[in-house]
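Engineer: So that we are looking at the same thing, I have put the structure below in structure tokens.
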Amino acid sequence: MGASLLGRDLLSSADLTRADYERVFATAAELKREFRENRRHAAQPLAARNVALIFEKQSLRTRVTFEAGLNQLGGHALYLGEGIGFGVRESVSDIAHNLDRWVDGVVIRTFDHSVVNELASEARIPVFNALTDDEHPFQALADLLALREHLGGLEGRVLTFVGDGNNVYNSLALAGATMGMEIRLAHPVGYGPQAMVVAAAKRLAVASGGKIVVGLDPRELAPGSDALYTDVWVSMGQEQQSRERVAAFAGYTVDTALLNRAGPLAVAMHCLPAHRGEEISAEVLDGDRSLALEQAENRLHVQKAFLVESIGR
Ligand code: CP
Ligand code: NVA
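Residue numbering for the sequence shown follows numbering that gives the first Met the number 0, starting at 0 and increasing by one per position.
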């Protein structure tokens with residue numbers, strides 16, 4: 000089933016091969032089945048494992064799923080929050096060299112992606128990216144697992160991201176392209192994706208038989224989509240741009256009309272948190288064609304799976 004993930008970081012969705020994705024999905028499916036049966040696990044593969052959580056941005060899902068997931072498998076989470084003065088009170092490399100001596104892994108949510116790369120290159124223990132300005136790889140893992148469960152497979156399937164060419168889009172484009180999917184993006188002028196990410200995703204798509212499509216008009220790109228995915232128009236760290244962003248994204252709401260245009264069986268996806276009436280209508284987000292809570296649930300299962308594969312074997 001491909002190379003072991005033992006000792007591996009997860010910094011970018013491009014870090015994983017198709018076999019790696021399949022391995023994480025298989026372990027996640029097993030853990031999910033067991034968890035849904037009795038909300039506990041007989042085996043405790045993370046017993047005596049400690050993982051530090053550095054969060055420089057707000058979080059509900061990511062923090063809770065890493066903490067609960069570690070505890071459910073016998074491990075322990077140390078929430079460091081913003082309290083360590085990351086890169087200010089102490090350099091990133093000094094923090095890495097200290098954490099190395101005490102714990103088995105580091106989860107980090109921060110702004111600048113290069114800081115996560117630096118932490119990973121300085122630390123001997125695995126580093127897990129819990130969201131940067133550029134990527135959200137555990138979100139993409141959870142999303143693709145949810146879509147795979149819903150559709151029965153991913154290859155050749157079409158996911159259209161409506162909105163900002165942001166961190167969540169980047170990770171989905173890289174992960175989806177690795178899995179042979181067609182990933183479309185419909186974005187307003189000025190809010191397109193990074194050229195380097197699109198180029199990397201296109202290279203992955205060539206190898207997998209997938210496709211990357213970028214355009215401006217959601218109504219043009221929706222037809223034939225298995226899923227319409229959206230995310231907030233104002234990401235964490237962009238609060239000062241709120242007014243201009245909300246104006247620029249008018250017309251990019253995933254609503255019932257757009258979902259119907261995608262197709263009668265198309266589903267809606269959202270990483271949450273959501274702003275009903277902005278990027279998604281309440282009717283769609285709360286309706287029976289929404290996978291949002293499946294995605295949120297799967298954060299728990301894919302993260303547990305990755306932790307087991309990386310530090311629990
Ligand atoms: N989707 C997601 O990462 O949620 P949080 O920001 O609440 O962790
Ligand atoms: N793009 C959003 C995702 C939140 C999970 C942000 O970065 O704030």
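The beta carbon of each residue, even a glycine, is placed where N, CA and C say it ideally should be.
Return the residue from the list 258, 179, 65 and 163 that minimises the CA-CA distance to residue 227.
Structural biologist: Ranking the options by Cα distance to residue 227, first place goes to 258.
Engineer: Pick from 59, 223 and 22: whose alpha carbon is nearest that of residue 263?
Structural biologist: If we check each option's Cα against that of residue 263, 223 comes out closest.
Engineer: Give the C-beta separation of residue 179 and residue 154 to the nearest angstrom, bearing in mind that I take them to be a contact with Cβ-Cβ under 8 Å.
Structural biologist: Indeed they touch by this definition, with Cβ atoms about 4 Å apart.
Engineer: On the premise that residue 269 lies in contact with residue 229, defined as a C-beta separation below 8 Å, what is that separation, rounded to the nearest angstrom?
Structural biologist: So it is a contact: roughly 6 Å between Cβ atoms.
Engineer: Can you list the beta strand (DSSP E) stretches of 3 or more residues lying completely in the stretch 123-174, in chain order?
Structural biologist: Listed in chain order, the complete beta strand (DSSP E) runs (minimum 3 residues) inside the stretch 123-174 are 126-128 and 157-161.
Engineer: Flag this pair as yes or no: are the beta carbons of residue 184 and residue 152 separated by less than 9 Å?
Structural biologist: No, the pair does not count as a contact, with Cβ atoms beyond the cut-off.
Engineer: Would you kindly report the start and end of the unbroken beta strand (DSSP E) that includes residue 318?
Structural biologist: Past the edges of the chain, shown from 0 to 312, lies residue 318, and the structure says nothing about it.
Engineer: Identify whether residue 258 lies in helix, strand or coil by the three-state DSSP scheme.
Structural biologist: Residue state, collapsed to three classes: helix.
Engineer: Tell me whether the beta-carbon of residue 107 lies closer than 9 Å to the beta-carbon of residue 54.
Structural biologist: For residue 107 and residue 54, yes; Cβs fall inside 9 Å.
Engineer: Alpha carbon to alpha carbon, how far is residue 212 from residue 266?
Structural biologist: For residue 212 and residue 266, the distance between alpha carbons rounds to 19 Å.
Engineer: Would you list, in sequence order, the uninterrupted beta strand (DSSP E) runs of no fewer than 3 residues that lie entirely inside the stretch 67-132?
Structural biologist: If we require 3 residues or more, the beta strand (DSSP E) runs fully inside the stretch 67-132 come out as 75-80, 104-108 and 126-128.
Engineer: Write down the C-beta distance between residue 85 and residue 105 rounded to the nearest angstrom, noting that I regard them as a contact closer than 8 Å.
Structural biologist: Not quite, the Cβ-Cβ distance comes to about 11 Å (not below 8 Å), so this is no contact.
Engineer: How do the stretch 244-253 and the stretch 61-73 stand: do at least 3 beta-carbon pairs fall below 8 Å, yes or no?
Structural biologist: No: the two stretches stay apart, fewer than three of their Cβ pairs being nearer than 8 Å.
Engineer: Tell me whether residue 96 counts as near ligand 1, meaning its Cβ is closer than 8 Å to at least one heavy atom of that ligand.
Structural biologist: Result no, Cβ not under 8 Å from ligand 1.
Engineer: Who does residue 214 pair with in a DSSP beta bridge?
Structural biologist: Answer is 185, bridged to residue 214.
Engineer: Measuring from the CB of residue 254, is there a heavy atom of ligand 2 at a distance below 8 Å?
Structural biologist: No.
Engineer: So is residue 292 buried or exposed if we call it buried at 16+ other beta carbons inside 10 Å?
Structural biologist: Per the 10 Å Cβ criterion, exposed.
Engineer: Taking 8 Å as the line, does the beta carbon of residue 126 fall inside it for any heavy atom of ligand 2?
Structural biologist: No - ligand 2 has no heavy atom lying nearer than 8 Å to the Cβ of residue 126.
Engineer: Hey, how far is the Cα of residue 233 from the Cα of residue 188?
Structural biologist: For residue 233 and residue 188, the distance between alpha carbons rounds to 15 Å.
Engineer: When burial is assigned at 16 or more other CB atoms within 10 Å of the CB, is residue 255 buried or exposed?
Structural biologist: When all chains shown are included, residue 255 counts as exposed.
Engineer: If you measure from the CB of residue 272, is any heavy atom of ligand 1 nearer than 8 Å?
Structural biologist: Yes, Cβ of residue 272 sits closer than 8 Å to a heavy atom of ligand 1.
Engineer: Could you say which of 2, 121, 174 and 219 lies nearest to residue 146 if we only look at CA atoms?
Structural biologist: It is 174.
Engineer: Near residue 111, which residues of its chain fall below 8 Å by C-beta distance, leaving aside the five closest residues on each side in sequence?
Structural biologist: Only 131 and 132 meet the Cβ criterion.
Engineer: Since I believe residue 116 is in contact with residue 135 (beta carbons under 8 Å), could you give me their beta-carbon distance rounded to a whole number of angstroms?
Structural biologist: Wrong, their Cβ atoms sit about 15 Å apart, outside the cutoff.
Engineer: Using CA coordinates, which residue listed in 94, 169, 181 and 2 is at the minimum distance from residue 209?
Structural biologist: Minimum Cα distance to residue 209 is reached at 181.
Engineer: Three-state secondary structure (DSSP) at residue 288?
Structural biologist: Note: residue 288 maps to coil in three-state DSSP.
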